[in-house]
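According to this note's numbering, the residues represented by the sequence shown are 21 to 269, in order.
All residues carry an ideal CB built from backbone N, CA and C; glycine is no exception.
Have a look at the structure below, then the notes.
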Amino acid sequence: MHLDVVELRNFYYRTGLGRAAQRAIREQVVSYWPDARRQTVAGFGFSVPLLRPFLADARRVIALMPDQQGVMHWPAGMPNVSALCPETRWPVQTGFVDKLLVMHGLETSDAPDALLEECWRALGPGGKAMFIVPNRGGLWSRSDSTPFGYGRPYSLGQLESQLRRARFVPERHAAVLFQPPSHKRHWLRWGPVWEKIGRRLSSGLAGGVLVVEASKQVYAKTGSGTPEAVRRKGGVLEGLRPAPEAKPV
Numbered sequence: 021m022h023l024d025v026v027e028l029r030n031f032y033y034r035t036g037l038g039r040a041a042q043r044a045i046r047e048q049v050v051s052y053w054p055d056a057r058r059q060t061v062a063g064f065g066f067s068v069p070l071l072r073p074f075l076a077d078a079r080r081v082i083a084l085m086p087d088q089q090g091v092m093h094w095p096a097g098m099p100n101v102s103a104l105c106p107e108t109r110w111p112v113q114t115g116f117v118d119k120l121l122v123m124h125g126l127e128t129s130d131a132p133d134a135l136l137e138e139c140w141r142a143l144g145p146g147g148k149a150m151f152i153v154p155n156r157g158g159l160w161s162r163s164d165s166t167p168f169g170y171g172r173p174y175s176l177g178q179l180e181s182q183l184r185r186a187r188f189v190p191e192r193h194a195a196v197l198f199q200p201p202s203h204k205r206h207w208l209r210w211g212p213v214w215e216k217i218g219r220r221l222s223s224g225l226a227g228g229v230l231v232v233e234a235s236k237q238v239y240a241k242t243g244s245g246t247p248e249a250v251r252r253k254g255g256v257l258e259g260l261r262p263a264p265e266a267k268p269v
């Protein structure tokens, strides 16, 4: 069951812990994807805290929000790029997306395999997807004071296995949110220090959240019947199918 968009918005934009989580996860996303020029970047779930860095340079940014969650106008003070949609039927043409972010979408989905199939469909050949999920072995999945305490937490092996079954190729991973999931000022003050120490000393699996990047590799048969990776990316289809107009919450 997806969380309500108002609860997600309030956590990420109106609490110190939410802003700290937003900053730590976004830094990891940008370190993996520093450049999205002339690309279409989409997010599913509640991914808007991570999409802002791409607004300046990406060809197009789309924030897809599942109908069970609800939708909000985003970004504030700018033309809306968010859309409400069924979690397994996005208003996006096949192969339209170059980069896809999924946060608060997979672990709360009632049909995770079908959702991953839709992620695969939306990505173009060679496209990249990044999945942000609660870590089964971390503290954040055990606390209901944050959105990461809801839904199904994953171990790294579980997530990578599910992605492979969906024909994705996991490429790299990281863990973030080493600070305790506490709203107390003391812990918030030391949050950046916890993140630095955790990333340097941890095996990469002790953080509260797992970040896994995977790619869509499409293979074509050669004349001899031997599979060969498609080397050139296909043209990205332009335009979106009509979607319900998002209204501010």
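Residue 179 carries a helical assignment under DSSP once its states are collapsed to helix, strand and coil. Taking the Cβ atoms as the reference, residue 153 lies roughly 17 angstroms from residue 68, outside the contact range of under 8 angstroms. Ranking 54, 37, 108, 195 by CA distance to the CA of residue 129 puts 108 first.
With respect to the 7 angstroms criterion, residue 80 and residue 114 are not classified as neighbours on the basis of their beta carbons. DSSP, reduced to helix, strand and coil, places residue 142 within a helical segment of the structure shown.
When the five nearest sequence neighbours on each side are left out, the beta carbons in the same chain lying within less than 7 angstroms of the beta carbon of residue 208 are those of 36, 37, 40, in order along the chain.
Taking C-beta separations shorter than 6 angstroms and ignoring five residues to either side along the sequence, the partners of residue 125 in its chain run 64, 65, following chain order.
By the C-beta density criterion, residue 26 is exposed, having fewer than 16 other C-beta atoms within 10 angstroms.
Taking C-alpha positions only, residue 89 is separated from residue 22 by approximately 5 angstroms. If the five residues before and after residue 61 are omitted, its C-beta is found closer than 6 angstroms to the C-beta atoms of 74, 78, 81, 119, all from its own chain and listed in chain order. Under DSSP, residue 231 shares a beta bridge with 152, 194.
Inter-residue distance for residue 181 and residue 174 is about 11 angstroms (C-alpha atoms, whole angstroms). In this structure, residue 150 keeps its C-beta atom at 7 angstroms or more from the C-beta atom of residue 183. Distance from the Cα of residue 196 is smallest, within the candidate group 218, 186, 135, for 218. For the options 238, 212, 87, 48, the alpha carbon positioned closest to that of residue 192 is the one of 48. Remark: C-beta atoms of residue 172 and residue 127 approach each other more closely than 7 angstroms.
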